[in-house]
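Report on one structure; see the data block that follows.
There are 2 protein chains.
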Amino acid sequence: MQPVHSIRVGLLGCGHVGSALVDLVRHQRRTVGARLGLDIEITRVAVRSIAKERAVELEAGVLTTDARSVTVDPDIDVVVELIGGIEPARELVLSALAEGKPVVTGNKELLANHGAELYAAAADAGVDLGFEAAVAGGIPLIRPLRESLVGEPVTRVMGIVNGTTNYILSQMTESGVDYASALAEAQSLGYAERDPTADVEGFDAAAKAAVIATIAFGVDVVAGDVYHEGIADITSTDIDFAHRLGYVVKLLAIVERRGEAVAVRVHPTMLPMAHPLASVRDSFNAVFIEGDAVGELMLYGRGAGGPPTASATFGDLLDAARNLVDGTSRAVGSFERAQIVPIDDLESDFYLNVDVTDRPGVLAEVAGVLGAHGVSIGSMEQIGLGERARIIFITHRASERALQATLRDLRQLDSVGQINGVLRVIGDD
Amino acid sequence: MQPVHSIRVGLLGCGHVGSALVDLVRHQRRTVGARLGLDIEITRVAVRSIAKERAVELEAGVLTTDARSVTVDPDIDVVVELIGGIEPARELVLSALAEGKPVVTGNKELLANHGAELYAAAADAGVDLGFEAAVAGGIPLIRPLRESLVGEPVTRVMGIVNGTTNYILSQMTESGVDYASALAEAQSLGYAERDPTADVEGFDAAAKAAVIATIAFGVDVVAGDVYHEGIADITSTDIDFAHRLGYVVKLLAIVERRGEAVAVRVHPTMLPMAHPLASVRDSFNAVFIEGDAVGELMLYGRGAGGPPTASATFGDLLDAARNLVDGTSRAVGSFERAQIVPIDDLESDFYLNVDVTDRPGVLAEVAGVLGAHGVSIGSMEQIGLGERARIIFITHRASERALQATLRDLRQLDSVGQINGVLRVIGDD
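Protein sequence lines, in the order shown, are assigned to chains A and B. Under the working numbering, read the first sequence as residues 2 to 430, first letter to last. Under the working numbering, read the second sequence as residues 2 to 430, first letter to last.
Written out as C-alpha cells, the structure reads:
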C-alpha cells in the first residue's frame, strides 16, 4: 500500500454537475485511495441558497453562501468552480489561484472570454488549471489536445459541441418534424432551455470553438473572434434535400489553421453521410480532428448532463491532486492573440434554396447572377410549386464574399422570392 | 520567450514509425520550441544495418548498431523503443530505465507480457514510461484511460484494435468478397503481412486487450489471460445473414469488469448497425468505453501506419520531456494480478449457422439439443439447399459453457453436417 495523501476540495456551485461530482467522489473514494494513494474529500460547498433541496446530502457545516471564504480557506487544497457565467466566477477563480490553489472549472464562457488572463494567473501561481468539462462534457478532448497532440501539426478541428442543436437536427432528420416542433420536444425533455438562444443561435458552440482553437493552435482566440450562425432558419426542406443529395445537416464548430492565422466559425453544415461526424445522433457530441501526422481522429460521447460532466471534472481534479502531491503543475500555455481570418475570405461549396416565379427565363436570370460573381454551379434542381418554383443549387467552391454578393443581387431580382437555405457543404475534400 | 531546454533522444529502431518520428520531430522543432520551450533532437539511432536505405536522412555518427550503447549513453535524455518483439526490447527498455532515462515505447507485445515488470522499473527509477502508440496507433487512448478516466467507474471497453481484420471484414461486408479474396487484397495493399496469423487469429488484438484491461481496471492482465478467436472462419453467408438481421460483423477486443474480476476476450462479434462501432470501416480503429458516470465514449482514428503511430509516440516523448525538465514523472501504477473470469462463465446471445439433412424432424431434433442445454431460441430461419438445408439461429442469452455443450451434442447428430458460424451478438443491451 502506498501512503494516502488527503486532498480537501472546495466546490463552488452544487447544481446537476456539482451534485453528480459529490456522488462520484464518494463512490470512488476507496478505489482512488487504493489506486492513486489519494483521499479526496469535498469539505466545503458554496451555494446561493443553503435551504434549497439538493440531490446529495451534505453534512452540516459543509455548505456556505460565501464562496470567497472557500477560495481563501487555508484548509482547502483544490477549488472546483461550477457556478458558470463570468462574474463572480472569474474573481473566485483568480482568488483561488492567487492563494496557490489549483482550480478545476467547467466554465466555457469564462475561458472563452478571459482564458488568457486565467492561464497566466495559473502559470504565475505555479498551479494547475483544468477545464476538460468546459468543452464537450464527458469527452476527453482538452487533455488529448494539450498533451497527446501538443506536438501534432493539427490542421482542422470540426465539432458537434452543442447537444441541444444536435438533438433538434437529428429529430428533424429522423422524424421529419419541423424546427419548432423539434425545439419544443427538446425543451420538454430538458435538452433545451426555455430561452434557447444561447444554443440555437450558436453562442454556446462559439465559446467552445474559441477554447478549442486556443488549445489546438496555441494562440489566444476569444468568443468574439468566432463567426457564428444558428439553426433557427433550417427547414425540413433543406434537410430533405440534403438527404437526397447524400448529406446530413449538422451545426459544426470549425477551427482551421491558415498559415499563421486561424479561421474560427460555427454554422450549419451539409456533411457527407459517410463522414464520421454524420452518424453522431441524438444529443451526443463529437469532435473530429485532422492533423498532418495523425490523420483523422474522432472523439465521441456525452457533451452535457450531470454525471458525464462530473466525470470530466473528476479527471481534472485527480490530475491536479496528483500534481499537488508531487509538487508540480503543468501550465496551459501563454498564447499570443490570434490572427483571425475574416469570414469573407473563407471558401466552401454552398447549398442554396431559392423560391422563384415559375416563368421561362428565370433560371437563366438566377444562374446569370451566380456567374457574374464567379460562383459556378455544381448541381441544380428545379421543382415546380404551381405559380412558384424552387431552385436548389450546390455551387462549386466559392468565397463567402462572392456568395454574399450573389445573395444580395439575387434579392434584387423581381422573380426571386425568399432565399430559404444557405448551407456550407464541407467534408467532401 | 521562455528558456529552451535541450532534450536529446535516442531512438531504437528506424523502420516506418521511426522514420516518421524523425520527420515529425524535425518538422515540429520550431513550433515545439516556441510553444513548450523544448528543443527536441534525435541524436542517436540504433538500427540492425547501417547500410540499409531509409526514408529519412541521418547525419553521420547518428546511426549505430549497438542499441545498448544508446540506452547507457549519458548524453541521451529520453529513449524511444520502436524495435518491437520481446527481446532484446525488454532488456533495452530496462537498461534505459535503470539509467534513469524516461522511455517511450510502441511495443504492445512487450507490455502485454512484461508490463508489470516495466511499470515497476519505471516507478523505481522515478521516470516516465509512455506507451500510447502500443494500442490503437494514433488514437489518444492510453492517456485518457490513465488520466482523464482514472477515477471513472469504467465497466466495459470494446475495441476494434486491429486494422487488418477490420479492413478484411469491411471488404467482405461492402464488396461481398469471401475471406480469402479480402485477405489477398489486404496483403497486396500492405495492410496484412505475408503470414497474417498474428492479425487474423486475434493474437495482436489479444495483446492490446491485455494492455487496455490493465490500464482501464488497474489490475495486471497479460496476453495469456485473453481468450481469443480469429476471423478466418467467417463466411460471406454469416456476413449476409448478419446484415439481413440488422448487424455487422466486427472483430472486437472486449474487456469487462465483473465484480472484483475482469473478463477479457477477442472474438468476431455481431454488432447492431446503430452501434457507434458498427460504422468504423476500412482499416480504422476505434475504442468504445462505457462508464457509470461518463456514459458512452468512442475514440476513433488510425490504428497503424508510420505517421499516426509516430504522432502518438511524439506526444509521449513531449510529455516525458516536460516532466524531465520539471523534475517529475508519473507512475503507470503498480497492479496486482487480475482475477480473470473463465470464458465458460461469460454469457451472450449467439448466432449459429448449421448445415443439416433436409428431412422432416431435423429441426425438432436440433432444437431439442439446444433446449436440453437450456439454450432458448430468439429467432430461427431455415433455408433449403436441395438435399441439405441451413438453419440459422439467434439464441437468447446463454453461457459459453452451455453453448459449447450444445455444439458438442449437435455434432453427434447424424443429420447435422458442418456448423459454420458461431458468433456472439453484443451491443443490444
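All residues carry an ideal CB built from backbone N, CA and C; glycine is no exception. Just so you know, these numbers come straight off a predicted model, no measurement behind them.
Taking a C-beta distance under 9 Å as the contact criterion, residue 420 of chain A and residue 354 of chain A qualify as a contact pair. The beta carbon of residue 300 of chain B sits closer than 9 Å to some beta carbon of chain A. Taking residue 21 of chain A as the centre and dropping the five residues before and after it, the same chain places the C-beta of 307, 308 and 311 closer than 6 Å to its C-beta, in chain order. Rounded to the nearest angstrom, the gap between the Cα atoms of residue 277 of chain B and residue 233 of chain B is 24 Å.
Taking 9 Å as the threshold, the shortest C-beta distance from residue 407 of chain A to chain B does not fall below it.
Cα atoms of residue 326 of chain A and residue 33 of chain A: separation of roughly 14 Å, rounded to the nearest angstrom. Among the CB atoms of chain A, none fall inside 9 Å of the CB of residue 340 of chain B. When secondary structure is reduced to three states using DSSP, residue 36 of chain A falls in the helix class. By the beta-carbon neighbour count (other beta carbons within 10 angstroms, threshold 16), residue 84 of chain B is buried.
Counting only runs of at least 4 residues, the segment 295-359 of chain B fully encloses the following alpha helix (DSSP H) elements, listed from N- to C-terminal order: 307-327. Within its own chain, the residues whose Cβ lies closer than 7 Å to the Cβ of residue 366 of chain A, once the five positions on either side in sequence are excluded, are 414 and 416, listed in chain order. A straight-line Cα-Cα distance of about 18 Å links residue 73 of chain A and residue 124 of chain A. If you ignore the 5 residues before and after residue 7 of chain B, its C-beta comes within less than 6 Å of the C-beta of 40, all in its own chain and listed in chain order. When secondary structure is reduced to three states using DSSP, residue 146 of chain A falls in the helix class. Counting along the chain, residue 291 of chain A sits inside the beta strand (DSSP E) bounded by residues 285-292.
Between residue 70 of chain A and residue 175 of chain A, the alpha-carbon positions lie close to 50 Å from each other. 313, 315, 316, 317, 318, 319, 320, 323, 324, 327 and 328: these are the residues of the segment 313-328 of chain B whose beta carbon lies less than 9 Å from some beta carbon of chain A, given in chain order.
For the pair residue 316 of chain A and residue 15 of chain B, the Cα-to-Cα distance works out to about 36 Å. Taking the Cα of residue 42 of chain A as reference, the smallest distance to any Cα among A:263, A:351, A:76 and A:108 is reached at A:76. One thing to note: residue 151 of chain A has its Cβ no nearer than 9 Å to the Cβ of residue 27 of chain B. Under the DSSP assignment, residue 271 of chain B falls outside any alpha helix (DSSP H), being part of the beta strand (DSSP E) whose first and last residues are 262-273. Per the DSSP secondary-structure output, residue 383 of chain B pairs in a beta bridge with B:392. The segment 211-223 of chain B makes contact with the segment 107-116 of chain B, as at least three CB pairs between them are under 8 Å.
For secondary structure counted as the alpha helix (DSSP H) over 4 or more consecutive residues, the segment 92-167 of chain A holds these complete runs in sequence order: 109-126.
If you draw a 10 Å sphere on the C-beta of residue 244 of chain A, you find fewer than 16 other C-beta atoms in it, and that means exposed. If you check each beta-carbon in the segment 128-150 of chain B against every beta-carbon of chain A, the ones closer than 7 Å belong to 133, 139, 140, 141, 144, 145, 148, 149 and 150. A contact is defined here as three or more CB-CB pairs under 8 Å, and the segment 368-381 of chain A fails this definition with respect to the segment 161-168 of chain A. Close CB contacts of residue 178 of chain B within its chain, under the 8 Å cut and outside five residues either way in sequence, are with 172, 186 and 237 (chain order).
The beta carbon of residue 331 of chain A sits closer than 9 Å to some beta carbon of chain B.
Residue environment for residue 314 of chain B: buried (at least 16 other C-beta atoms within 10 angstroms of its C-beta). Using a Cβ-Cβ distance cut-off of 8 Å, the segment 386-393 of chain B and the segment 355-365 of chain B are in contact, since at least three pairs of beta carbons, one from each stretch, lie closer than that value.
A Cβ-Cβ distance of about 5 Å is found for the pair residue 352 of chain A and residue 395 of chain A, placing them in contact under the 8 Å criterion. Rounded to the nearest angstrom, the gap between the Cα atoms of residue 54 of chain A and residue 48 of chain A is 11 Å.
Each residue's CA atom was taken as its position, placing residue 248 of chain B and residue 229 of chain B some 21 Å apart. Taking each of B:94, B:284 and B:56 in turn and checking the Cα distance to residue 126 of chain B, the smallest one comes out for B:94. When secondary structure is reduced to three states using DSSP, residue 188 of chain A falls in the helix class.
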